[in-house]
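In our numbering, the protein residues as written are 588 to 915.
Virtual Cβ for every residue (Gly too), placed ideally from N, Cα, C.
Here the structure comes first, spelled out in C-alpha cells, and everything after it is commentary.
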Amino acid sequence: MRFDALPLVADAPAARPRIERRAVRRAQGATTFYEVASRTIIDKVPPALGLGAAWAVSPYRGCAHSCLYCAGRRGHRYLGLDGERDFGTAIVVKTDAARRLRAETAKPGWRGETIAIGLTGDCYQEAEATYRLMPGIMAALRDTGNPFQIMTKSTLVLRDAELIAQAAEVCDARVMVSVGFVDDRLRRAVEPGAPSAQKRLELCAELNERGAACGVLMAPILPCLTDSEDQLRAVVRRVAETGAVSITPLVLQLPPGARDWYLRWLADEHPALLPRYTELYGTGPVAAQSYRDRVTARVTELARLYGIGARHRPWSPARAADRQMALL
Numbered sequence: 588m589r590f591d592a593l594p595l596v597a598d599a600p601a602a603r604p605r606i607e608r609r610a611v612r613r614a615q616g617a618t619t620f621y622e623v624a625s626r627t628i629i630d631k632v633p634p635a636l637g638l639g640a641a642w643a644v645s646p647y648r649g650c651a652h653s654c655l656y657c658a659g660r661r662g663h664r665y666l667g668l669d670g671e672r673d674f675g676t677a678i679v680v681k682t683d684a685a686r687r688l689r690a691e692t693a694k695p696g697w698r699g700e701t702i703a704i705g706l707t708g709d710c711y712q713e714a715e716a717t718y719r720l721m722p723g724i725m726a727a728l729r730d731t732g733n734p735f736q737i738m739t740k741s742t743l744v745l746r747d748a749e750l751i752a753q754a755a756e757v758c759d760a761r762v763m764v765s766v767g768f769v770d771d772r773l774r775r776a777v778e779p780g781a782p783s784a785q786k787r788l789e790l791c792a793e794l795n796e797r798g799a800a801c802g803v804l805m806a807p808i809l810p811c812l813t814d815s816e817d818q819l820r821a822v823v824r825r826v827a828e829t830g831a832v833s834i835t836p837l838v839l840q841l842p843p844g845a846r847d848w849y850l851r852w853l854a855d856e857h858p859a860l861l862p863r864y865t866e867l868y869g870t871g872p873v874a875a876q877s878y879r880d881r882v883t884a885r886v887t888e889l890a891r892l893y894g895i896g897a898r899h900r901p902w903s904p905a906r907a908a909d910r911q912m913a914l915l
C-alpha cells in the first residue's frame, strides 16, 4: 500500500526585504518605492571613481535606467533586495534629503567641499517627477554657497535649469551628463532604461543655452567595445557640438556585484573578449593603469583639438551666498 507524505507545516512565506523594516512601501505600476528617513546624507566618494568630488549626496538608491555596469547595484544586497533583478524596480527614496543636507552642511567640521549628486541612482530618474527632492537639495547648497555637480542621464533636469543657473551665481554649480558612447544598439543592451545618447547630447546643449553650465562625463568607456579611435573621436566631436563646458573620460569600473552581471553579459554576447578583460582587470575593479592612461590621454587630446571648454571661463561668484540660518 502506498502513502503520500503530507506536510506538517505550511510553506513559510518569503522573507520580506530588510529595507521594509524601516521604510514606507508604495507601489506604482511595476515599481516599488521605499520611503526612508536617512541617518546621514553626505557620503564619502572613493578616490578611484575619478569624479573630482570627494563627497556625494544620493537622494535615491536604485535606478530606473538599469545600467548593467552600475556600481550602485551592490548596495541593494545590503537592503535585502536583489541587485540584478530589483535594481531598476525597487527604488529607495530618502524623503528628508534636503533637511538632512542643511543640517550636515551647517556642522562646524564641514569645509564646503564639492558634492556630487546622484551616484547610487540617477537623481533625475522617473521617481524625481513624483518626489521632487532635487529643488530642495539644490536650494540647501545654493543658500550656503556649497559647490556641487549633478550626475544624470535624464532630461528631467531641464525642469530645474533656472534653479541651477541661480545656484551658479554663488557657487560652482554644474551638470555632468553621462555619455560614454554613441552606439545606440549597445546602449539598449547595457543601459536599457536610459535615454539615447542623442537625447543626452541635446540635453547638454539646451542646458548650456539656458545658462546652466553643463559638461559631459564620458563614462563608461567600455574596453574593446567603445574605445577605438573612431568611436572616441565620434563621441568627442558630438560633445563639442553641444557647447559642453568640459569632458571627463572614465573607463569602465567593475566593482563587486556589477562585475558579476557585466561579465555574464559579456560572456553571452562577446565571449571572445573575456581573456582581454581578465588581462585588464584581473580580480580588481579598475582596468590596468597603462590602459586607462592611454585612453584618457587620447580623449584629452581630442577634446583639445575640438575646442571643448576653450571658451568657458573659470567660475567666479556673481553674488554672495545667503548664509542666513534656515529652518531644519
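The shortest CA-to-CA distance from residue 740 to any of 752, 767 and 726 is the one to 767.
The shortest C-alpha to C-alpha distance from residue 734 to any of 828, 663, 819 and 692 is the one to 692.
Annotation: the continuous beta strand (DSSP E) that includes residue 801 extends over 801-808.
With a cut-off of 8 Å on Cβ pairs, the segment 743-756 is not in contact with the segment 776-784, counting fewer than three such pairs. In chain order, 848 place their CB closer than 6 Å to the CB of residue 671, counting only its own chain and leaving out the 5 sequence neighbours on each side. If you ignore the 5 residues before and after residue 706, its C-beta comes within less than 6 Å of the C-beta of 643 and 645, all in its own chain and listed in chain order. In the three-state scheme derived from DSSP, where H, G and I count as helix and E and B as strand, residue 865 is classed as helix. For residue 642, the secondary structure class from DSSP, reduced to helix, strand or coil, is strand.
Shown here, residue 785 sits in a helix according to DSSP, grouped into three states.
In the assembly as shown, residue 861 is an exposed residue. Its beta-carbon has fewer than 16 other beta-carbons within 10 Å. C-alpha of residue 614 to C-alpha of residue 760: approximately 34 Å in a straight line.
If one requires a minimum length of 3 residues, the beta strand (DSSP E) runs lying completely within the segment 681-768 are 702-704, 735-739 and 760-765, in chain order. When the five nearest sequence neighbours on each side are left out, the beta carbons in the same chain lying within less than 6 Å of the beta carbon of residue 668 are those of 604 and 677, in order along the chain. Its chain contains 610, 611, 613, 680 and 682 as the residues whose beta carbon lies nearer than 7 Å to that of residue 622, once the 5 sequence neighbours on both sides are disregarded; these appear in chain order. Shown here, residue 606 sits in a helix according to DSSP, grouped into three states. Going by DSSP, residue 623 is part of no alpha helix (DSSP H) but of the beta strand (DSSP E) stretching over 618-623. By the C-beta criterion, the segment 819-839 is judged to be in contact with the segment 876-887, since at least 3 inter-stretch pairs fall below 8 Å.
When 853, 675 and 689 are compared, the shortest CA-CA separation from residue 714 is found for 675. In the DSSP assignment, residue 817 falls within the unbroken alpha helix (DSSP H) covering 816-828. Rounded to the nearest whole angstrom, the C-alpha separation of residue 785 and residue 771 is 9 Å. Annotation: the continuous alpha helix (DSSP H) that includes residue 847 extends over 845-856. By the beta-carbon neighbour count (other beta carbons within 10 angstroms, threshold 16), residue 709 is buried.
A Cβ-Cβ contact shorter than 8 Å links residue 791 with residue 829. According to the DSSP assignment, residue 837 belongs to the beta strand (DSSP E) that extends over 834-838.
Of the candidates 837, 743, 794 and 882, the residue whose Cα lies closest to the Cα of residue 815 is 882. When 624, 616 and 712 are compared, the shortest CA-CA separation from residue 653 is found for 712.
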